[in-house]
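So the sequence lines, in the order shown, correspond to chains V and A. Following my numbering, the numbering of the first sequence begins with 1 at its first residue and continues without gaps. Following my numbering, the numbering of the second sequence begins with 1001 at its first residue and continues without gaps.
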Amino acid sequence: GAVVSQHPSRVICKSGTSVKIECRSLDFQATTMFWYRQFPKQSLMLMATSNEGSKATYEQGVEKDKFLINHASLTLSTLTVTSAHPEDSSFYICSARDPNKGYNYGYTFGSGTRLTVV
Amino acid sequence: GNSVTQMEGPVTLSEEAFLTINCTYTATGYPSLFWYVQYPGEGLQLLLKATKADDKGSNKGFEATYRKETTSFHLEKGSVQVSDSAVYFCALSSAPGGGADGLTFGKGTHLIIQP
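Set out below in structure tokens:
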């Protein structure tokens, strides 16, 4: 089945530094990937839609300059949290849909990245 | 806008008990509905789905029926096992065909099954 690999699973960084999170589709080509953020005891909130070869589409309220998304190939999307601050500490998770499956198949999710900014 | 409301946990049950996790939604048009499960340390996995009114999704003994009249998609299982302990997310997609945009999730329900 479709597999999405996300790395790292956990990262601790100092305030003011940048962190890159990778999301790879291992056995299919994903023209579209999605990035979510989850605060403790909250829903997963869609941050942005990452489109291969074009600019990402950000949801309202998400800072484009802070959360840089690059989708340079059909199997890799990256999320870079720039100049991280403690309030950026959260659980980030990516997902992708295998275009060879029907629209209603659902999405494959990565295992998520726990970011802690100290 | 779209929203999903599901019962908050944790929900603690004994093995072989009957499970219901309530989920209601607000959406425009005719959304597709999903239940995802997240086991400890793993990513979200699709558990079941339904794409139109009165559809019943089922998998691994779980089932949920798309009720348009009550805008609900409650998850049920007749006899839970310890291995069912996980976080369950109700979600919807309102894109045409059900998959062309990101999902709207509920907050998740932590289910704990005791032996």
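By construction, the Cβ of each residue, glycine as well, lies at the ideal position given by its N, Cα and C atoms.
For residue i, the three-state DSSP class (helix, strand or coil)
i, result
"VAL62 of chain V", "coil"
"VAL1080 of chain A", "coil"
"GLU1042 of chain A", "coil"
"GLU1063 of chain A", "strand"
"GLU1069 of chain A", "coil"
"MET1007 of chain A", "coil"
"GLU52 of chain V", "coil"
"GLU87 of chain V", "helix"
"TYR107 of chain V", "coil"
"GLN1114 of chain A", "strand"
"GLN29 of chain V", "coil"
"ALA1053 of chain A", "coil"
"HIS1074 of chain A", "coil"
"GLY1098 of chain A", "Low per-residue confidence applies at GLY1098 of chain A: pLDDT is 46, beneath 50, and the placement is therefore not dependable enough to give any value."
"PHE34 of chain V", "strand"
"SER1058 of chain A", "strand"
"LYS20 of chain V", "strand"
"LEU1103 of chain A", "coil"
"SER43 of chain V", "coil"
Residue i: contacting residues in chain A (beta-carbon distance under 7 angstroms)
i, result
"LYS41 of chain V", "LYS1107"
"SER111 of chain V", "GLU1042 and GLY1043"
"TYR58 of chain V", "Near TYR58 of chain V there are no residues of chain A at all, since even the closest Cβ is about 11 angstroms away, more than 7 angstroms."
Bounding residues of the beta strand (DSSP E) (the contiguous stretch that carries residue i)
i, result
"GLU92 of chain V", "Looking at the sequence itself, residue 92 of chain V is Tyr, so the reference to Glu does not match. Looking at the DSSP string, the run of the beta strand (DSSP E) that includes TYR92 of chain V is 90 to 96."
"GLY14 of chain V", "It is worth fixing the name first, because residue 14 of chain V is Lys in this sequence and not Gly. Neither: LYS14 of chain V is in no beta strand (DSSP E) and is coded neither H nor E."
"ALA72 of chain V", "67 to 73"
"LEU76 of chain V", "76 to 81"
"SER5 of chain V", "4 to 7"
"THR1028 of chain A", "From DSSP, THR1028 of chain A is part of no beta strand (DSSP E); its letter is neither H nor E."
"LYS1091 of chain A", "Looking at the sequence shown, residue 1091 of chain A is not Lys but Ala. It spans 1086 to 1093 - the beta strand (DSSP E) in which ALA1091 of chain A sits, taken as one unbroken run."
"LEU115 of chain V", "113 to 117"
Under 7 angstroms from the C-beta of residue i: neighbouring residues of chain V
i, result
"GLY1102 of chain A", "PHE34, LEU46 and THR49"
Chain-order list of residues whose beta-carbon lies under 6 angstroms from that of residue i (same chain, five-residue window excluded)
i, result
"GLY1098 of chain A", "Reliability of the predicted coordinates at GLY1098 of chain A is poor, the pLDDT of 46 falling under 50, and the value obtained from them is presented with this limitation in mind. Closer than 6 angstroms at Cβ, skipping near neighbours: SER1032 and THR1051."
"ARG10 of chain V", "ARG114"
"ILE1112 of chain A", "PRO1010, THR1012 and SER1085"
"SER1003 of chain A", "THR1026"
"SER95 of chain V", "PHE34, TYR107 and PHE109"
"LEU125 of chain V", "Outside the displayed span of chain V (1 to 118) sits residue 125 of chain V, for which this structure offers no information."
"ALA30 of chain V", "ALA96"
Close beta carbons around residue i, own chain, < 7 angstroms, minus the five adjacent residues each side
i, result
"ALA1100 of chain A", "Bear in mind that the predicted position of ALA1100 of chain A carries a pLDDT of just 47, short of 50, making it too unreliable to give a figure here."
Beta-carbon contacts of residue i that lie in its chain and below 8 angstroms, excluding the five residues immediately before and after
i, result
"LYS1056 of chain A", "ALA1050, GLU1063, ALA1064, THR1065 and TYR1066"
"THR82 of chain V", "SER18, ASP65, LYS66, PHE67 and LEU68"
The ligand GTP heavy atom lying under 7 angstroms from the CB of residue i
i, result
"PHE1089 of chain A", "Questions concerning the ligand GTP fall outside what the structure shown contains, since it holds no ligand whatsoever."
Which residues, in chain order, does the stretch 20 to 33 of chain V contribute to contact with chain A at a C-beta distance below 7 angstroms?
none
Anything in the stretch 83 to 94 of chain V with a Cβ closer than 8 angstroms to a Cβ of chain A? List those residues in chain order, please.
ILE93
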